[in-house]
Amino acid sequence: MEARSSDSKYHVILFPFMSKGHTFPLLDLARLLLRRPDFIVTVFTTSGNHSFIANSLSDTTAFIIDLPFPQNVPQIPAGVESTDQLPSMSLFAPFALSTRLMQPDFENAIETLPPVSFMVSDGFLWWTLDSANKFGFPRLVSYGMCIYSSCLLKSATEHRLLFGPESDDELITLPQFPWIKVTRNDFDSPFTDSEPSEREPHQKPTWIKWLDQKLEQGRSVLYVAFGSQVDISPQQLKEIAIGLMESRVNFLWVTRAKELELGGEFELEERTGDRGIVVREWELMEGEMGKEVRKNVKEHGEAAGKAMEVGRGSSWRTLDALVNDLITGAAHGIR
Numbered sequence: 000m001e002a003r004s005s006d007s008k009y010h011v012i013l014f015p016f017m018s019k020g021h022t023f024p025l026l027d028l029a030r031l032l033l034r035r036p037d038f039i040v041t042v043f044t045t046s047g048n049h050s051f052i053a054n055s056l057s058d059t060t061a062f063i064i065d066l067p068f069p070q071n072v073p074q075i076p077a078g079v080e081s082t083d084q085l086p087s088m089s090l091f092a093p094f095a096l097s098t099r100l101m102q103p104d105f106e107n108a109i110e111t112l113p114p115v116s117f118m119v120s121d122g123f124l125w126w127t128l129d130s131a132n133k134f135g136f137p138r139l140v141s142y143g144m145c146i147y148s149s150c151l152l153k154s155a156t157e158h159r160l161l162f163g164p165e166s167d168d169e170l171i172t173l174p175q176f177p178w179i180k181v182t183r184n185d186f187d188s189p190f191t192d193s194e195p196s197e198r199e200p201h202q203k204p205t206w207i208k209w210l211d212q213k214l215e216q217g218r219s220v221l222y223v224a225f226g227s228q229v230d231i232s233p234q235q236l237k238e239i240a241i242g243l244m245e246s247r248v249n250f251l252w253v254t255r256a257k258e259l260e261l262g263g264e265f266e267l268e269e270r271t272g273d274r275g276i277v278v279r280e281w282e283l284m285e286g287e288m289g290k291e292v293r294k295n296v297k298e299h300g301e302a303a304g305k306a307m308e309v310g311r312g313s314s315w316r317t318l319d320a321l322v323n324d325l326i327t328g329a330a331h332g333i334r
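Per numbering that gives the first Met the number 0, numbering through the sequence shown is continuous, rising by one, with the last residue being 334.
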C-alpha cells in the first residue's frame, strides 16, 4: 500500500489476531470509529484472511493491508493462516509465536502510512507493542473478550482472590470495583458444589452417570470432541466412527450436527452398546431450559443495544471518552 494523504485528522491501526473470535470485535470497533468523520482506519491482516475482513468491511471506508504470513514455520502446514485451519489446536502456541516474524513487514508498512494516532492490536500479537514504541504512538491491547470481565479477572488475580483457602461466608471484594460484594454462599448449588458426587443422582445428566459407572468399574474412557473450529470431513468422521466401533474402547463423543447425523447413520450407540455414549451439545436449547436461555439472551441483547446507542448509550460515551483521551494525549506527546 502506497503512502496516502487524507483530510482526516486521526489515523487508527487495528491489528486482529488470525482467529475469527478475536477478529470480530475489532471489526466492530472499526465501524464505530468510522462513525467519526475525522477518523481513518487501517486494518492489518494476512493474504489468507483478507477476503473475510474485506467482505465484513465492504460497506465502510476502512483500508486493509495484507502482510505475508511466515513460511516454513515448524509444525505449521503451508497455507495455514488462521486458527480454524490448524489441524490441531495443540499447534496454537507455535502458530501464535510465529506471528513475531511478521514484525519487519509490519513496520515497513507503517512507514508508508500517514501518522498514526493510536493502535489497537490483539494480545497474542504482543510484539506490536515494540513497534508502537518504536514509532511513538499509543497501543491498546484487545483480547477478544468482554473488557469488564478482563478487568475483573485481572483485579482478582492481582489480589490473589483465586488462590488460598476459601470461606463460604467470607466477603469477597475487589478494590477497583467497590460495588461488588459477594460470598460463596450467594451462589446457588450446584455451582458451588465442591465435589460433583455431592449432587443427587436424579440431577446428574445421563453421560455423568455413565462416566461414574465407568469409574467404579476402573475403566478408562476415550473423550472425542472436535470443538467449533476444526472442520472434519465426512470421510474422516466415518473412519473415526468405524475405529471406535472396532477398537472396543469405551468412548464419550461430544457431537455437532453433522457428526450426529453420522452417528445415526452408523447406529453408533446401538452397535457399541454400553461401551459408548454420544453427548448432543444442542440439547441445551431445547425444552424449558432452552426457552429460559433464549429469554436471557434476548434481554442481554436489548441491554447491550441501549448501551451502544449512538451518542447516548453508556458504552458509546465511554468509547468516545477513551478515544478523546488518546488523541488528546497523542497531541501532547503522551503515550
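Yeah, the Cβ is synthetic: ideal placement off N, Cα and C, and Gly gets one too.
Keep in mind it's a predicted model, so treat the numbers as computed, not measured.
Contact under 9 Å by Cβ, residue i with residue j
i: residue 142; j: residue 122; result: yes
i: residue 51; j: residue 13; result: no
i: residue 88; j: residue 45; result: no
i: residue 16; j: residue 131; result: no
i: residue 98; j: residue 69; result: yes
i: residue 292; j: residue 252; result: no
i: residue 105; j: residue 136; result: no
i: residue 250; j: residue 276; result: yes
i: residue 254; j: residue 278; result: yes
i: residue 48; j: residue 81; result: yes
Three-state secondary structure (DSSP) of residue i
i: residue 143; result: coil
i: residue 138; result: strand
i: residue 285; result: Only weak support exists for where residue 285 lies, its pLDDT of 49 falling under 50; the coordinates are left without a value.
i: residue 17; result: coil
i: residue 262; result: Low confidence applies here, because residue 262 scores a pLDDT of 48, under 50, leaving its location unreliable and the question unanswered by this model.
i: residue 39; result: strand
i: residue 115; result: coil
i: residue 315; result: helix
i: residue 292; result: helix
i: residue 59; result: coil
i: residue 322; result: helix
i: residue 327; result: helix
Limits of the beta strand (DSSP E) - the one that residue i falls within
i: residue 279; result: 275–279
i: residue 180; result: 176–181
i: residue 171; result: 171–173
i: residue 62; result: 62–66
Closest by C-alpha distance to residue i, when choosing among the options
i: residue 31; options: 291, 325, 298 and 310; result: 310
i: residue 114; options: 303, 274 and 40; result: 40
i: residue 242; options: 270, 216, 27 and 219; result: 270
i: residue 240; options: 274, 10 and 215; result: 274
i: residue 314; options: 145, 156, 111 and 55; result: 145
i: residue 61; options: 34, 73 and 76; result: 34
i: residue 166; options: 308, 153, 185 and 56; result: 185
i: residue 150; options: 176, 84 and 129; result: 176
i: residue 158; options: 170, 174, 169 and 168; result: 174
Opening and closing residue of the alpha helix (DSSP H) in which residue i lies
i: residue 307; result: No alpha helix (DSSP H) contains residue 307, which DSSP labels as neither H nor E.
i: residue 205; result: 205–215
i: residue 243; result: 233–246
i: residue 104; result: 102–109
i: residue 221; result: Premise fails: residue 221 lies in the beta strand (DSSP E), 221–223, not in any alpha helix (DSSP H).
i: residue 251; result: Element bounds for residue 251: not the alpha helix (DSSP H) but the beta strand (DSSP E), 250–254.
i: residue 85; result: Here residue 85 belongs to no alpha helix (DSSP H), and DSSP marks it neither H nor E.
i: residue 96; result: 91–97
Per DSSP, cross-strand counterpart(s) of residue i
i: residue 120; result: 14 and 140
i: residue 44; result: 65
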